[in-house]
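Comments concern the structure below.
Number of protein chains: 2
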Amino acid sequence: MEQQADGRCRVAIERVSPEIDCGRFAIKRVAGETVVVEADVFADGHDQVACRVLYRQSNKELQSAPMMPLGNDRWRGKFTVSNLGRYEYTVEGWIDRFQSWRSALEKRIAAGQDFHLDLLAGAELVESAASRASDRDAAALRHWAQRFRENKAGAPGTAFPRDKELLDLMQRYPERSFASRYGKQLTVFVDREKARFSTWYEVFPRSCSPEAGRHGTFLDLETWLPYIASMGFDVLYLPPIHPVGRAFRRGKNNSAEAQSEDVGSPWAIGSAEGGHKSIHPQLGTLEDFRRLITKAGEHGLEIAVDLAFQCSPDHPYVKEHPQWFRVRPDGSIQYAENPPKKYQDIYPLDFENAGWQALWEELKSIFLFWIDQGVRVFRVDNPHTKSFSFWERVIGEIKEIHPDVLFLAEAFTRPHVMHRLAKLGFSQSYTYFAWRNTKQELTEYFTELTQTDVQDYMRPNLWPNTPDILPEYLQVGGRAAFMVRLILAATLGASYGIYGPAFELCENVAMQPGSEEYLNSEKYELKNRNLNSQASLKDLISRINRIRKENSALQSNRSLHIHQTDNPSLICYSKATDDFANVIVVVVNLDSSHTQAGRVHLDLAAIGLDDSHAFQVHDLLGDGKYLWQGSKNYVELIPESLPAHILHLRRWVRTERDFDYYL
Amino acid sequence: MEQQADGRCRVAIERVSPEIDCGRFAIKRVAGETVVVEADVFADGHDQVACRVLYRQSNKELQSAPMMPLGNDRWRGKFTVSNLGRYEYTVEGWIDRFQSWRSALEKRIAAGQDFHLDLLAGAELVESAASRASDRDAAALRHWAQRFRENKAGAPGTAFPRDKELLDLMQRYPERSFASRYGKQLTVFVDREKARFSTWYEVFPRSCSPEAGRHGTFLDLETWLPYIASMGFDVLYLPPIHPVGRAFRRGKNNSAEAQSEDVGSPWAIGSAEGGHKSIHPQLGTLEDFRRLITKAGEHGLEIAVDLAFQCSPDHPYVKEHPQWFRVRPDGSIQYAENPPKKYQDIYPLDFENAGWQALWEELKSIFLFWIDQGVRVFRVDNPHTKSFSFWERVIGEIKEIHPDVLFLAEAFTRPHVMHRLAKLGFSQSYTYFAWRNTKQELTEYFTELTQTDVQDYMRPNLWPNTPDILPEYLQVGGRAAFMVRLILAATLGASYGIYGPAFELCENVAMQPGSEEYLNSEKYELKNRNLNSQASLKDLISRINRIRKENSALQSNRSLHIHQTDNPSLICYSKATDDFANVIVVVVNLDSSHTQAGRVHLDLAAIGLDDSHAFQVHDLLGDGKYLWQGSKNYVELIPESLPAHILHLRRWVRTERDFDYYL
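If you read the protein sequences in the order shown, they are chains A and B. Following our numbering, the numbering of the first sequence begins with 55 at its first residue and continues without gaps. Following our numbering, the numbering of the second sequence begins with 55 at its first residue and continues without gaps.
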């Protein structure tokens, strides 16, 4: 910690933030963002202290940023992270002898006391600074010192020791011989912007064939790119693209007996045709895949692949590396199970086997293989069933050489485990959003995600549905329910995604009551859909994603503020840029069956307003414009037409030139 | 942290408590107390984890205590600290393969699945435990393994793998090869009980003379011991007992011009007669002082001396060690000042002088000198104007050899500085109690002191008055105000003290309106008082201190719980022992001028009750007995008679034998 060998280091530095688990883990930022650092910095006695943030990118030169007092010994400074990769930061504090001297002098002058000795003491401080200064500043400082000394006999004016120019000079050359440093080097990992703001579309390439019954290919998927791009997505995520195993292949609706034409689950990875570094032959070739990446890029879409570290019994690893699997007492390989459920088509890898290092290296090489093909975004399947150390090591090593690579953790498990994975390095995380429906649930959960230190290490990616999750809310609420959940995901989360086209087509039939599995799930069979269905939400999706692109307030979660409403079915929240140049207020009717109306009670300070002016809100969704006044304003939302307002705030601002205008 | 070189260490350990500033500082306990340790302990996947607290006293053998799950991956264990000094503790976690196996087996049996392979896997686990076991247990375990293996062919009963005896045996020999340890060794410093529970009386020995105008002596003070002991105090604290300086000596009421008969301030330490290791000749000799310690001990009183590390201009250090003082530009020694105030009778020591090590050693030797005379309690004057490192080093080194020595920090300054001093090692701390008068002020402040992690490092010592502080509340509220503040101090704080006899005689005249200084302050003159004044609170003090001794609930602050009342002038709070064997509910009328009545709304769970039974409360102060029922009960308190109830709860408890009786 800040304990120093030299007893003359008097400044204590405590409670530095942001700091995750005592600095054990890095905080996350994207390039161009600032890191606001706060600390309690104080010393014994009455001397004044000064402090600064010290920071540097990996091994580059140390830089510093001044810290300003917030009162009660709390200080704040900030720095901007411009480049990808790792930065370190810490806090340094020292006794500010010149300010302490100045403050005492002020009081003495105010009391009319003699201060000629103070001037001599001040001269010594100034001369000491001169010895640390550049030639030009040193000359100026010596000149000041001289003035102090010359005044010692007379009755000097009282203004000059408090001169601003002198203060600036002195602050440039502080005495830091006995500065204290916070004992920990804290870390921030800087990702590219997409880590913070991304819009995902999941699609099964094998369902992209225009002909019903034919297995779709990457080439077929190419023809979908304009459709997907037109809705405003920027990440196109594909379930595993590797050869699908044959042994114990699952049939339609996850039946244990597959028919010969059944395509199996893409998550049963590996066959005689290859493993995690191979492409399923029915999808195309590696060349086709690389071409898909290029074509997608032309539409502003990045391809995200899904890495699921598990094997079908046919996977080449099973023969080549039998030691990477657990063996049962009868000598057979242990298949996946969650007793009493058995998944005989899946062999888990044994991360603890005696030769774990070789396994870990091989798995890392899978990432590197796809990176070599041009992939920069990975969706990682069930990371919570692989060891924490594995993720920390592999993600760390990959980011070291490819700091632009992003990892989305698909973990739906206990909170500590989900948080731990985020701390270990995953760039984004799936969340419990799919199961948070009521105003209270959403308020509590998003307060935790965005208003606690969770925001510094975990970036939520909100999915209203996935191939595994058709939530009850969507099953029973009809098309309006899909609209509600879409709008919530897209505005509560700077990153969100949908599993399409099931989502935009409002597919909502579950396997059975009480189940979240889709009936005739695409996980086990090919689909052929009419993308131009009248019921499709594609136009709404396009509109919402355009709103997200045009309003930077929606591209971050940090400013999320939940406002009160007097109707429990209405939730209201806002997001704003730091300077309030862009403010969005969202009101959603969570009841997909009934029109709901009521008053929202805006916390005006959170949206940069006071209650002295009216302001205009423009519904970017429904295009209505309303003149609102003060905190309480009325809304009415009809679920079957549009269950929400996404309101852009136009407000009066006072400019530097002191007149009002509409922003 | 818990990062392990071996990738097979799968358990994560987070958020260990208690932990102060990432383990930088020790928590505090007294001998015989328990340390309750909690942590988030979890692993990837579905395996079950187990964990334990590891602890040891300084370099003694490592011991362990099991941790039990609290739900949501939180675990709790505890250990008792029996001896004075330093203990270390940390947390260790591992995969509990046997419990994981057992849990899977349970599910398989419940589902009616075949489990003969599970039994074989179980046999391997049991045999592995046998290899770690004592001879006798090994034999038993091998017998179990045999039973598992023999059943592999048949259709075994399902009970025996779940046998309790087997489970106990297996938990005795867990597989910990890849256990994870929390990366930090946390520390607890164990003091003797008086650090937690103490009752202080401050007196100026020089005012103990029976003859007005004669300087009192230690011998005079001896005659006061029965009086002080009769009131139930156990620490007798004396302002500095060293020779009082003559240069710039202050006269009565802190006047700059002392008369020849003026005795000066005991805090202006040092004269030709000696410094910090000498006794003021007018008080007696070192032998007299040692005798006082012995005599006080016979009355159950420990002598606390006041160490104020500052010098009068006559102090021998000034000549012997001029380098320990700051020099002004004119060559004179810098006296104390807080511009525009000047304290020319005091030279501060310069803790940053080039020879700081020698100064620090000398100051440490002062503590050791008085320890050699038999002193075990120090009240330290203005520790916040000496460097933090100094206190950490000196207190640490002294406690290393004298773990029974206690240090009370007399710092009235900014919160972070007060807390830092406590963290650095002070056993007890003065507080802002003197300025917390209203229900809201007291509630907020005591919630912070007792219900946050502050409780783990800072032990408040509450003083309703000191020679420097006659609070406005006491100035204006008459005798009732003294009763109110006494009762609050004695029941809110396990440690409290009064500056007497000014307190029990209700001396309440300030130097001037708006000042907290006593008129004719004892700091600058001798006093001669009538201890038997009719108005004296000595009987009330005796009673309250007896109540404190007889009710262990009042001897700790940890259980403090503030209950609601429907009258803002009534504050109600409780303290209870962990087992609720002793529960005290205090209700105080904070309005010293008017009778106040209202209902208290007891939080019954906090006092170990439910609302199905009536309970009796016995006012240990006024001796009334009341039958209360449920949460809401009526009280009326008349300030001039007794402004408070100190209620002892007698409640129905259900015993193991299942009948009710009065406790």
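Every residue, glycine too, gets a C-beta built ideally from N, C-alpha and C.
{"Asked": "C-beta contact flag for B/Y371 and B/G328 at 8 Å", "Found": "no"}
{"Asked": "Exposure label - B/D101; buried when at least 16 CB within 10 Å", "Found": "buried"}
{"Asked": "Where A/H648 falls, given that 16 or more other Cβ within 10 Å makes a residue buried", "Found": "exposed"}
{"Asked": "Residues bridged to B/M565 (per DSSP)", "Found": "For B/M565, which the question treats as bridged, DSSP gives no partner whatsoever."}
{"Asked": "Cα-Cα separation between B/K206 and B/G125, rounded to whole angstroms", "Found": "Caution is warranted here: a pLDDT of 49 is assigned to B/K206, below 50, making its placement in the model unreliable, and the coordinate value is therefore given only provisionally. Using only the alpha carbons, I get a separation of about 35 Å."}
{"Asked": "Secondary structure of A/L658, DSSP reduced to three states", "Found": "helix"}
{"Asked": "Segment limits, alpha helix (DSSP H) that includes A/S185", "Found": "170 to 186"}
{"Asked": "DSSP three-state assignment for B/A207, whether helix, strand or coil", "Found": "Residue placement at B/A207 is flagged as unreliable, the pLDDT there being 42, under the threshold of 50; a coordinate-derived value is accordingly withheld."}
{"Asked": "Cross-chain neighbours of B/E68 in chain A, by beta carbon under 8 Å", "Found": "D75, H470, R474"}
{"Asked": "Exposed unless 16 or more other CB atoms sit within 10 angstroms - verdict on A/K453", "Found": "buried"}
{"Asked": "A/I601, DSSP secondary structure in three states", "Found": "helix"}
{"Asked": "Cutoff 8 Å: A/A209 Cβ touching any chain B Cβ", "Found": "Unreliable placement is indicated for A/A209, whose pLDDT of 49 sits below 50; no coordinate value is reported for it."}
{"Asked": "Residue interval of the alpha helix (DSSP H) (run including B/S419)", "Found": "410 to 427"}
{"Asked": "Within chain B, the residues that A/K440 reaches when beta carbons sit closer than 9 Å", "Found": "D98, G99"}
{"Asked": "Short CB-CB distance (under 8 Å) between A/R382 and chain B", "Found": "yes"}
{"Asked": "Min CB distance B/S319 to chain A below 8 Å", "Found": "no"}
{"Asked": "At least three beta-carbon pairs within less than 8 Å, the stretch 376 to 389 of chain B to the stretch 146 to 153 of chain A", "Found": "no"}
{"Asked": "CB-CB length for B/E181 against A/H470, believed under 8 Å", "Found": "Actually they are not in contact, since the Cβ atoms of B/E181 and A/H470 sit about 33 Å apart, beyond 8 Å."}
{"Asked": "Beta-carbon proximity list for A/D657, same chain, < 7 Å, skipping 5 on both sides", "Found": "H615, H617"}
{"Asked": "Straight-line Cα distance separating B/V538 from B/Y511", "Found": "28 Å"}
{"Asked": "Beta carbon of B/D435 nearer than 8 Å to that of B/L361", "Found": "yes"}
{"Asked": "Cutoff 8 Å: A/R64 Cβ touching any chain B Cβ", "Found": "yes"}
{"Asked": "Inter-residue spacing [alpha-carbon to alpha-carbon] between A/Q377 and A/Y397", "Found": "20 Å"}
{"Asked": "Separation of B/W414 from B/E247, as counted between CA atoms", "Found": "29 Å"}
{"Asked": "Rounded C-alpha distance that separates B/A192 from A/P394", "Found": "32 Å"}
{"Asked": "Beta bridge counterpart(s) of B/S154 as assigned by DSSP", "Found": "Paired residues: none, contrary to the question."}
{"Asked": "Chain A within 8 Å of B/Q200, Cβ atoms only", "Found": "no"}
{"Asked": "CB contact below 8 Å: A/G61 versus chain B", "Found": "yes"}
{"Asked": "Residue ranges of each beta strand (DSSP E) within the stretch 563 to 643 of chain B, 3 or longer", "Found": "615 to 619, 624 to 630, 637 to 643"}
{"Asked": "B/I357, buried or exposed, once every other Cβ within 10 Å from all chains shown has been counted against 16", "Found": "buried"}
{"Asked": "Counted within 10 angstroms of its Cβ, other Cβ atoms place B/A635 as buried (16 or more) or exposed", "Found": "exposed"}
{"Asked": "is_contact[A/R162, chain B] using C-beta, thresh 8 Å", "Found": "yes"}
{"Asked": "First and last residue of the uninterrupted beta strand (DSSP E) at A/A97", "Found": "88 to 97"}
{"Asked": "Status (buried if at least 16 other CB within 10 Å, exposed otherwise) for A/M122", "Found": "exposed"}
{"Asked": "Outcome for B/V641 when other beta-carbon atoms lying within 10 angstroms are tallied against a minimum of 16", "Found": "buried"}
{"Asked": "Cα-Cα separation between A/G286 and A/A544, rounded to whole angstroms", "Found": "12 Å"}
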